Each structure stands twice: as structure tokens, then as C-alpha cells.
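Q: So that we are looking at the same thing, I have put the structure below in C-alpha cells.
Protein chains: 2
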Amino acid sequence: MPDTSLIFPASEYQARVRALQDAMGHAGHDALLLTSPADVFYVTGFLTRFWESPARPWFIVVPATGVPVAVIPAIGAELMQRTWVTQIRTWDAPDPEDDGVSLLRDTLATLVPEHGSVGLPMGLETHLRMPLTDYERLRDGLAPRRFADATEVVQRVREIKSEAEVDRIRSTCAIAARAFDRVPEIAGAGRPLDAVFRDFQALLLGEGADWVSYLAGGAGPEGYGDVISPAPARALTQGDVLMLDTGAVREGYFCDFDRNYAIGAASDLARRTHAALWSATEDCLQALRPGMLARDAHHILTEALVRHGATPGGGRLGHGLGLTLTEWPSFTPKDNTPLRAGMVLTLEPGAILRPGCIMVHEENIVLRESCAELLSPRAPAELPEIT
Amino acid sequence: MPDTSLIFPASEYQARVRALQDAMGHAGHDALLLTSPADVFYVTGFLTRFWESPARPWFIVVPATGVPVAVIPAIGAELMQRTWVTQIRTWDAPDPEDDGVSLLRDTLATLVPEHGSVGLPMGLETHLRMPLTDYERLRDGLAPRRFADATEVVQRVREIKSEAEVDRIRSTCAIAARAFDRVPEIAGAGRPLDAVFRDFQALLLGEGADWVSYLAGGAGPEGYGDVISPAPARALTQGDVLMLDTGAVREGYFCDFDRNYAIGAASDLARRTHAALWSATEDCLQALRPGMLARDAHHILTEALVRHGATPGGGRLGHGLGLTLTEWPSFTPKDNTPLRAGMVLTLEPGAILRPGCIMVHEENIVLRESCAELLSPRAPAELPEIT
Chain Y
2 MPDTSLIFPA SEYQARVRAL QDAMGHAGHD ALLLTSPADV FYVTGFLTRF
52 WESPARPWFI VVPATGVPVA VIPAIGAELM QRTWVTQIRT WDAPDPEDDG
102 VSLLRDTLAT LVPEHGSVGL PMGLETHLRM PLTDYERLRD GLAPRRFADA
152 TEVVQRVREI KSEAEVDRIR STCAIAARAF DRVPEIAGAG RPLDAVFRDF
202 QALLLGEGAD WVSYLAGGAG PEGYGDVISP APARALTQGD VLMLDTGAVR
252 EGYFCDFDRN YAIGAASDLA RRTHAALWSA TEDCLQALRP GMLARDAHHI
302 LTEALVRHGA TPGGGRLGHG LGLTLTEWPS FTPKDNTPLR AGMVLTLEPG
352 AILRPGCIMV HEENIVLRES CAELLSPRAP AELPEIT
Chain R
2 MPDTSLIFPA SEYQARVRAL QDAMGHAGHD ALLLTSPADV FYVTGFLTRF
52 WESPARPWFI VVPATGVPVA VIPAIGAELM QRTWVTQIRT WDAPDPEDDG
102 VSLLRDTLAT LVPEHGSVGL PMGLETHLRM PLTDYERLRD GLAPRRFADA
152 TEVVQRVREI KSEAEVDRIR STCAIAARAF DRVPEIAGAG RPLDAVFRDF
202 QALLLGEGAD WVSYLAGGAG PEGYGDVISP APARALTQGD VLMLDTGAVR
252 EGYFCDFDRN YAIGAASDLA RRTHAALWSA TEDCLQALRP GMLARDAHHI
302 LTEALVRHGA TPGGGRLGHG LGLTLTEWPS FTPKDNTPLR AGMVLTLEPG
352 AILRPGCIMV HEENIVLRES CAELLSPRAP AELPEIT
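Protein sequence lines, in the order shown, are assigned to chains Y and R.
The first sequence runs contiguously to residue 388 in the working numbering.
The second sequence runs contiguously to residue 388 in the working numbering.
Written out as C-alpha cells, the structure is:
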């Protein structure tokens, strides 16, 4: 980590705020209220693992013009002062009588006209990170001002990554790739899967991850049952396919990709399935362009899996990536979000080998005007064997 | 991890549901709606790091009588089926048109009478982990049923840990204690603080943590500026005091305590401050009893710090612990939560050495009828020196 908590130069954050203010203007909001770790980090550079404590809410107000205002627990003042934010108002949290509500209300009342609109992300993939009763008190206390959904404002701005952000995600991908290359050091027949999970996280840290926010995976004969479970103590055995899927973090930016390994010699079915997943990803890498919709990516991957002889798995086949492990859009049949140059995305096809047995494959890309540029070093075309 | 995702026998969860149902009955709720990772884990044993993805909401409904109902994304069905929960309803999430809202509405409409009440945690330290617009659609779709705050119901039940839970927290504390004992292997003059943070997380994993959800700390001459920052690349130097504060996790249960180390010989001020923090904690360990209020613990620690010659720091001086890094109550002057036997708590006094320089000290306990029982192996009375 750099000695400042700024991560980027102030100009990066100023450009973000201008983009948000442009979008707010079009949407008719007089201020944005942001409460999530990613949104706060995006505007301010305030990066801390302290979000892990649910005790205190944190607020950033982006007015229609001018600089953002942080309304935060006093415990965060020291760190916020090291960011580019100059307007910092604090209270002693947690306060069971008034946990920042009146301070936030007064701040918004000054910045938003009496009949104005406060934009708040309320839509798909958003959460309000403050107690609901406090939100209702805030809303009532600010009337006749109204709260309106600002999901579109935030998502359309945040989903286009700057080159500085792309560089950060590429760096995190490189860390994970180096750790994946070392999996044969820690996995093999007889090793318990939970030990492999622990060792793999240590490898990620050793290769430069600041922390490991996500690790899931699975192992079983030729494939696995699901992709979100923690690891059982069961020992790996010959014929298993092991999958590790990680969201490691460096300087606040995530990677999110996985790798598969055969324990011992891979069966023909396992090799063919891996090859189909790899080739379907290859087809999508060649075909994906700005102007397509998120659902088109789902269609491309599904068709390619069938063409390469695999049975496509359900669920989404990719998604956005950056400040959180997953961001919008989702590669599902229903997501009509336009794909644009500058989006960082995962391609994540899944195949069903038989009931209860799947295999998944994932790469991270940035979409360019004329191509999909890989951010994760490409997986080997053939399923690697750990012998 | 065990081969099942159950963590505990089904009887543990059944007892929890009965306790919640008793409390719901007194509060007049006809069902509880739970959306947070900790609340879902508490009722079901469903443990996954997949919560790291904000894409999908997850719902558990606890009816006034009978078994809980999981209304969850299809991607979680396999894992939920391995818990004790038998009533599982799924949808293909994320769905931009209807992300589980109608399925949840239909579920609640069946379980809650037309003029009944749905209890939802809405108070201090709670968040609604679903999009706000979806909550409003759900609320309107269920009218004339009403949503009412169930924070008290959930907190009064969850805050009393079973012996099985206490054992889990004690195990996690033991893992962290072994890692803290090994800090001299990874820290010393010349070592960058960010490398120490990475290595310490690897030590925690090596000692048995499933993952490391939280690590913060600081280092500076005799103390540090704050306790929530990520680590800068600055090298440790003679005269620094290094503090590491971790929330490691094993089988879903957290520890949360810290340790201080002098780099080289400790100054007299650093040694005296550490001794005052240690002694104030000792006094609180002796004095704390069920029947006191959370604010009494704050008072005990503050008075003891002054008596031992330190300047008490602001903020809260301890809190609950268990399924999340921090739980209610808070040791602040305003928190009137009664302390009861079975609560797992942290004692976390802080001292101000001079403006911008603090030192903190933390232990984890379970409150018993006649004493405070340590769960974290007690810190050394004297500030250890890494030479």
C-alpha cells in the first residue's frame, strides 16, 4: 500500500465526481447519498477493512456542484483526512439515540433545495448500508425533499473504468495468476481440501495480495457440486477435478477468476469439458464488442458451449468486476445493459457433466473499442494434471 | 471445515429457532424476515463467502411456528440442501425484472395473516441486504400486513451464546493467539508494515483460520494514529510500537483482539501506557458481572485508565462478538443494554499518548454468572519487545 490512502492522484477522484455530477444533472438529482464501501471508496479513496464491522454507517454526499462531503464516525476521521476529501463531519458512533442521522439531515438540508431530490442507489445489486428506521427518519426529516433511485447514475459512471483502474485490476489478476501457477506445490492426492484453501490464500498473500476477500471452489470426481461452498476436510483423490475461484484484493481492486486442475490423470470427459469451456471462452473473447448487450454475451457463450459439445450450466455466465468481487451487468438472458468500451468483465461459462457435477471456467477482461483484452493471464487450453 | 456445512447439530439450530419464535410471540410478529449473512447463518448454518458478491439477495423466513423457509438464489440450493433446512425455494438470480420479490411475497403471504406483522431488523447495527426499491415493492405487495422492527428480537436471542458457540469463538481466539506469538518471526526494524500485514494473515491461515476477514493495525513512535487503516509500505523502525488487530474466522466464528509490540527497546511512556491498558483490562475482568449495563463497562474502563495514569481515548471501549467482527452492545456512555451471562464481549480500552498518537488493547471474554472468562489467552502484562 502507498503511504497515503489516496491510491490514485486527486485528479482521478475529481474526474469521477464530475462524471457523477453530469449524470446527476441529467437525472435531476440535487445530491447523491452514498453508503456502500465501494461507492465511498470510489469517490474518496477511503479504503479500510473496518467495513467488516456492521456497527456504524458511513455517508458520502456528492452535491450537484462542488466537492463531496463525508459524514462519518469519528473513528474514521484520521484516515479520511489523508484522502483528497476536505469536507469531513464526524459524530461519536455508535450512538443509540442519534447515529449520525441529524448530522446527515443537516448536511443534506443545506445542499439540497426544499423541493429537491436526493439520489440514492436503490436498485438491483445495491443495498442501503444504514439502519432502515434511520433512513425513514432521515427521509421524513428532509421532506418535502424526496429520495429517488440513483442506481443508473452510479452504475453507468462506475462501470467505465479509467486506465488507472484497469491497471490496478490487471495487477491483482497477475498476483492471482502467480498463485494459481503454484497450486501444484500445495494440492495433490491425499491433501485435504480445507488445507489447500488455507495454503492457496497464503500463496495469494505471498504473491502480493493485500487481502483475500473471496475464495471458493470445489473438488470431486471429474467436477464438483457447486461453486460457493467453503472447503470440507475431505482429502483430494485421484480422478478429482479441483477448482479454486478467488477474489483477491490489491489496493482496493479485485480480480475474480478460477482455475481447474485434475488430480492425477484426467478422464476423457473432464478433459473434453475443460476444452469446451476454454474454447467457448475463446469464441466469446473473439466476438465480444461494445454495442452488444449483456444478454448477447450469455447467448454467445451458451451457443459456443453447445457447439463445442458441452451442456451449458444455468445461472449467469459472467459479470462486471472492479471495486467489488462482482459488479453489474450480468450475462443472463434478461440483462439488457449495453456493453461499452472500458467495462471490466468476467467471462464465466459453466458446463454440466451430469446431475450434481459441474465445471466452470473464468477469465477477466477489459472491453476495448475493437476487442476484448485479457486482464487475467489466459488459462491453459488443456486441463492441467497434478501428478 | 466439517464435510457438512451444518457446523452444529440440527438441535442447535432448532433451539435458536424456538428462542426466536418465543421472542417473536412476545413482540407480536407473525414471521421474521432475515437478510444478513450473520442472521442467515445463525438460523440455518449456511456458511459461504459468496456474500462478498453484492449481486443477489438471500432471504430466510422464520414463521411464528414451524420450520424456517429459505427463499434464495438457485446458485445456493446445493449448499442450503446440506444444512438442516428443508423448505427451500429458489429463483434464477440476478433477475432484473423480479429478483425474488414475488417468490418472497408469496411465501410471506402464506405464513402471515392478512393483518399480521412481519418482523425485520431495522435498528442500530442492522442493514437491509436487499435493494430498497424491492423492499418497498414487497411491503406494498403484502399490505395490509405491516413490517415492524425486530431488532430487539434478533439481538436479545443472538447475543446469548450457547456453549457450542463459545467453544467455536475460543478456538478462533486460540488460532489468533498462536499467530500473535509468532509475530517476532515476521516483524522487526526495517520490515515494511504492509509485508508484516501480509505475513501475519498467512500465519493466521497456517495456524488454522479458514479465512481472515479483518486485519488492521498501525505502527509509529510509541503508538499510532488510528486503528482502522490498511498498512502503508513504511518500514518499521526502532522505537515504533506495532499493533495488529485481527478478526480471523474459523467455522463461521470470529475472534477480535489485538496485540502490541515494541520494535527495539520500548520507551518509558510506551511501557507505562501499555501497563495502564493491561491493568485497566484486569480491573474490568474482575469487576464485570451480569446485571450491569453496557455503559457501566465503559465507566469501569475509563475510571481504571485514569487510576492507572493513562488518558482514556474516545469511542467505544468494547462490544459484542461472534458471528460478525463486532456485535452489539457497545461500551459507550449511552448504551443501556443489560449485560447477561452467555454474552461474548471484547474489552478494548484505548489511551491517548499525545495528539495523534494512541495505543489500544483488546481481549475477548464470555460473561459468566460470577465472572468474566477469558476466551483470548491473556496478553503479557509488559509490552513485548522485538529486538
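Where a beta carbon is used, it is the ideal one built from N, C-alpha and C, also for glycine.
This one's a predicted model, so the numbers in the text were calculated from it and none came from an experiment.
So what does Y/Tyr-225 bridge to, in DSSP terms?
A: For this step, residue 225 of chain Y is matched to residue 224 along the first sequence. Y/Ile-359, per the DSSP bridge assignment.
Q: Between the alpha carbons of R/Arg-290 and Y/Phe-42, how many angstroms are there, rounded?
A: Your numbering for residue 290 of chain R matches position 289 in the second sequence. Your numbering for residue 42 of chain Y matches position 41 in the first sequence. In a straight line, the C-alpha of R/Arg-290 is about 41 Å away from that of Y/Phe-42.
Q: R/Arg-130 touches chain Y at which residues, Cβ-Cβ below 7 Å?
A: As a first step, residue 130 of chain R must be located in the second sequence, where it is residue number 129. Going along chain Y in sequence order, the residues near R/Arg-130 (Cβ under 7 Å) are His-128.
Q: Identify every residue that forms a DSSP beta bridge with Y/Trp-41.
A: Along the first sequence, one-based indexing puts residue 41 of chain Y at 40. Here residue 41 of chain Y turns out to be Val, not Trp, going by the sequence shown. In DSSP, Y/Val-41 forms no bridge with anything.
Q: Between the Cα of Y/Gly-398 and the Cα atoms of Y/Ser-280, Y/Val-86, Y/Glu-370 and Y/Phe-258, which residue gives the shortest distance?
A: Residue 398 of chain Y lies beyond the range of chain Y shown here (2 to 388); nothing can be said about it.
Q: With a threshold of 8 Å between beta carbons, is Y/Gly-316 in contact with chain R?
A: As a first step, residue 316 of chain Y must be located in the first sequence, where it is residue number 315. Judged by the 8 Å Cβ criterion, Y/Gly-316 is in contact with chain R.
Q: Taking Cβ-Cβ distances shorter than 7 Å, what residues in chain Y pair up with R/Tyr-215?
A: Along the second sequence, read from residue 1 onward, the residue named residue 215 of chain R stands at position 214. Simply Arg-50 and Glu-53.
Q: What does the alpha-carbon distance come out to for the pair R/Ala-210 and R/Ala-249?
A: For this step, residue 210 of chain R is matched to residue 209 along the second sequence. For this step, residue 249 of chain R is matched to residue 248 along the second sequence. Each residue's alpha carbon lies about 6 Å from the other.
Q: My parser needs the alpha helix (DSSP H) runs of 4 or more residues fully inside the region 237-289 of chain R; what are they?
A: DSSP runs (the alpha helix (DSSP H)) wholly in the region 237-289 of chain R: 269-288.
Q: According to a CB-to-CB cut-off of less than 8 Å, which residues of the region 360-371 of chain Y neighbour chain R?
A: Under the 8 Å Cβ criterion, the region 360-371 of chain Y contributes no residue.
Q: Whole angstroms are fine: how far does the CA of R/Ala-177 sit from the CA of R/Gly-315?
A: Residue numbering aside, residue 315 of chain R sits at position 314 when the second sequence is read from its first letter. Residue numbering aside, residue 177 of chain R sits at position 176 when the second sequence is read from its first letter. R/Gly-315 and R/Ala-177: Cα-Cα distance of roughly 26 Å.
Q: Leaving out five residues before and five after R/Thr-5 in sequence, what residues of the same chain have Cβ atoms less than 7 Å from its Cβ?
A: Taking the second sequence and counting its residues from 1, one reaches residue 5 of chain R at position 4. In this prediction, R/Thr-5 scores a pLDDT of 48, lower than 50, which makes its location untrustworthy; the coordinate-derived value is nonetheless stated afterwards. Arg-83.
Q: Determine whether the Cβ of R/Arg-199 lies closer than 8 Å to any Cβ atom of chain Y.
A: For the purposes of this step, residue 199 of chain R is taken as residue 198 along the second sequence, with counting starting at 1. Yes, its Cβ sits closer than 8 Å to a Cβ of chain Y.
Q: One question on the structure: do Y/Leu-143 and Y/Ala-110 come within less than 8 Å of each other, judged by their Cβ atoms?
A: Position 142 of the first sequence, counting from 1, holds the residue named residue 143 of chain Y. Position 109 of the first sequence, counting from 1, holds the residue named residue 110 of chain Y. Yes.
Q: If we define contact as Cβ-Cβ less than 8 Å, is R/Leu-348 a contact residue for chain Y?
A: Within the second sequence, the letter at position 347 stands for residue 348 of chain R. By this cut-off, R/Leu-348 is not an interface position.
Q: Pick out whichever of R/Pro-114, R/Glu-223 and R/Arg-57 has its Cα sitting closest to the Cα of R/Val-102.
A: On the second sequence, position 101 is the one that residue 102 of chain R refers to. Answer by Cα proximity: R/Arg-57.
Q: Please compile the residues from chain R whose C-beta is within a distance smaller than 7 Å of the C-beta of Y/Gln-202.
A: Within the first sequence, the letter at position 201 stands for residue 202 of chain Y. Chain R residues near Y/Gln-202: Leu-206 and Trp-212.
Q: Quick check on Y/Glu-137: buried or exposed, where buried means 16 or more other Cβ atoms within 10 Å of its Cβ?
A: Translated into positions along the first sequence, residue 137 of chain Y becomes position 136. With fewer than 16 other Cβ atoms within 10 Å, it is exposed.
Q: Would you be able to state if there are at least three C-beta pairs under 8 Å between the region 108-125 of chain Y and the region 141-155 of chain Y?
A: Result yes; three or more Cβ-Cβ pairs closer than 8 Å.
Q: Just tell me which of Y/Glu-115, Y/Arg-171, Y/Phe-332 and Y/Ala-165 has its CA closest to the CA of Y/Arg-146.
A: Here the question's residue 146 of chain Y lines up with position 145 in the first sequence. Answer by Cα proximity: Y/Glu-115.
Q: Grouping DSSP H, G and I as helix and E and B as strand, with all else coil, what is R/Asp-211?
A: In the second sequence, the residue the question calls residue 211 of chain R occupies position 210. Residue state, collapsed to three classes: coil.
Q: Just to make sure I have the definition right: I need the residues of chain R whose C-beta is within less than 9 Å of the C-beta of Y/Ala-165. Which are they?
A: The sequence position of residue 165 of chain Y within the first sequence is 164, counting from 1. None at all; the shortest Cβ gap to chain R is about 18 Å.
Q: For a contact meaning CB atoms closer than 8 Å, what does Y/Ser-280 contact in chain R?
A: Mapped onto the first sequence, residue 280 of chain Y falls at position 279. The premise fails here: Y/Ser-280 is roughly 24 Å from chain R at the closest Cβ pair, so nothing lies under 8 Å.
Q: Between R/Ala-276 and the ligand ZN, is the CB less than 7 Å from at least one heavy atom?
A: As far as ligands go, the structure on display features none, and thus does not contain the ligand ZN.
Q: Closest by CA to Y/Gln-22, which one among Y/Arg-159, Y/Trp-92 and Y/Thr-327?
A: On the first sequence, residue 22 of chain Y is found 21 positions in, with the first residue counted as 1. Of the listed residues, the one whose Cα sits closest to Y/Gln-22 is Y/Arg-159.
Q: In the DSSP output, which residue or residues are listed as bridge partners for Y/Ile-353?
A: Here the question's residue 353 of chain Y lines up with position 352 in the first sequence. According to DSSP, which records beta bridges pairwise, Y/Ile-353 is partnered with Y/Ile-359.
Q: Starting from Y/Pro-233, trace the alpha helix (DSSP H) both ways and give me its first and last residue.
A: As a working note, residue 233 of chain Y is residue 232 in the first sequence. It is not in any alpha helix (DSSP H) - Y/Pro-233 carries neither H nor E in the DSSP assignment.
Q: Return helix, strand or coil for R/Pro-313, following the three-state DSSP convention.
A: Start at 1 with the first residue of the second sequence, and residue 313 of chain R comes out as number 312. Strand, per DSSP.
Q: So what's R/His-116 in DSSP terms, helix, strand or just coil?
A: Here residue 116 of chain R corresponds to residue number 115 of the second sequence, with the count starting at 1. Of the three classes helix, strand and coil, the one that applies to R/His-116 here is coil, per DSSP.
Q: Name the chain R residues whose beta carbon is nearer than 9 Å to that of Y/Gly-46?
A: Counting from 1 along the first sequence, the entry for residue 46 of chain Y is found at position 45. Within chain R, no residue comes near Y/Gly-46; the closest Cβ sits about 11 Å away, beyond 9 Å.
Q: Terminal residues of the continuous beta strand (DSSP E) containing Y/Thr-27?
A: Taking the first sequence and counting its residues from 1, the one referred to as residue 27 of chain Y is at position 26. The question names Thr, but residue 27 of chain Y is His in the sequence shown. Unbroken run through Y/His-27 is the alpha helix (DSSP H), 11-28; no beta strand (DSSP E).
Q: I'd like to know whether the C-beta atoms of R/Ser-331 and R/Ala-288 end up nearer to each other than 8 Å.
A: Translated into the one-based positions of the second sequence, residue 331 of chain R becomes position 330. Translated into the one-based positions of the second sequence, residue 288 of chain R becomes position 287. No; because the gap between Cβ atoms is not below 8 Å, this pair is not in contact.
Q: Could you please give me the residues that DSSP links to R/Ala-203 through a beta bridge?
A: Stepping through the second sequence from its first residue, residue 203 of chain R is reached at position 202. Answer is none; R/Ala-203 lacks a bridge partner.
Q: Is there a Cβ of chain Y sitting closer than 8 Å to that of R/Leu-322, yes or no?
A: Walking along the second sequence from the start, residue 322 of chain R turns up at place 321. Cβ-Cβ to chain Y under 8 Å: no for R/Leu-322.
Q: Residue ranges of each alpha helix (DSSP H) run of no fewer than 4 residues wholly in the region 49-82 of chain R, ordered along the chain?
A: Here the runs fully enclosed are 78-82.
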